[in-house]
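Asker: Below are the structure tokens for one structure; questions will follow.
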């Protein structure tokens, strides 16, 4: 059960809204509903959800615009639930700041697992045992404040981006295996989803590296994992 966890479900299909409200409520979630992009942005401000389930095909706004609108002020986890299966749609949603992508038709058990993983990733973790601050020539990672600074200014990261960077920063200079990052950030059921990492590392490099196409600090060890090189 998930007492106290509030989910905002955004979809213009009343049958899907009803089905998700019933199923999520049965699993202990506190559910808020919205059937347009504008209503979703207002509900997110009013209801302060712990996670958002978002359809891309809304009548007033594209779901990607809703993601961008939320990311302007919120780090709430966003799980896209869409009938669009094209990889370009997935990449655009993830680039905009979505944390996960589930295609319709979907199994309720899978959606519930994705929601649990999204909430788990966003939860505040304990302070690390090692160094509290990792400095590179381009940016600083403060593991206690959960903040990244570049040129002295805070850089906005999504919960998933932070989860990956935090794991790398806990082991500066050391190789961290792909499967270990996937298990820690997404959950054990995602240990083989290496495409997720490629997308999110590209996003981190665009935000943090002086030359994203020639990274100096967020390094890939092909077929093995990633390394934060101070």
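In the numbering used here, the protein residues as written are 371 to 600. Backbone N, C-alpha and C define an ideal beta-carbon position, used for all residues, glycine too. Just so we're clear, the structure is a prediction, and the values are computed from it rather than from any experiment.
#1: Where does residue 595 sit, in a helix, a strand or coil, going by DSSP?
#2: Between the C-alpha atoms of residue 443 and residue 479, what's the straight-line distance to the nearest angstrom?
#3: My output table needs one value for residue 439: the three-state DSSP class, helix, strand or coil.
#4: Classify residue 457 as helix, strand or coil using the three-state DSSP reduction.
#5: Pick helix, strand or coil for residue 471, following the three-state DSSP scheme.
#6: Could you check the C-alpha separation between residue 468 and residue 507 for me, to the nearest Å?
#7: Inspect the CB distances between the region 481–490 and the region 546–554 and report whether three or more fall short of 8 angstroms.
#8: Which same chain residues end up closer than 7 angstroms to residue 585 when comparing Cβ atoms and leaving out the 5 residues on each side of it in sequence?
#9: Spatial neighbours of residue 445 within its chain, please: CB distance less than 6 angstroms, with the 5 preceding and 5 following residues excluded, ordered by chain position.
#10: Measure from the C-beta of residue 581 to each C-beta in chain B and report whether the shortest distance is under 8 angstroms.
#11: Taking DSSP's pairing of strands, which residues face residue 430 in a bridge?
Answerer: Taking the geometry as given:
#1: Three-state DSSP puts residue 595 in a strand.
#2: In this model, residue 443 and residue 479 are separated by some 30 angstroms (Cα to Cα).
#3: Shown here, residue 439 sits in a helix according to DSSP, grouped into three states.
#4: Residue state, collapsed to three classes: helix.
#5: It is a strand residue.
#6: Straight-line Cα distance between these residues: approximately 29 angstroms.
#7: Taking a cut-off of 8 angstroms for Cβ pairs, the region 481–490 and the region 546–554 do not touch, as fewer than three such pairs fall below it.
#8: Same-chain partners within the cutoff: 575, 579.
#9: Counting only residues of its own chain and dropping the five nearest sequence neighbours on each side, residue 445 has a CB closer than 6 angstroms to the CB of 529.
#10: Included in the structure is just one protein chain, with no chain B present.
#11: According to the DSSP secondary-structure assignment, residue 430 is paired through a beta bridge with no residue.
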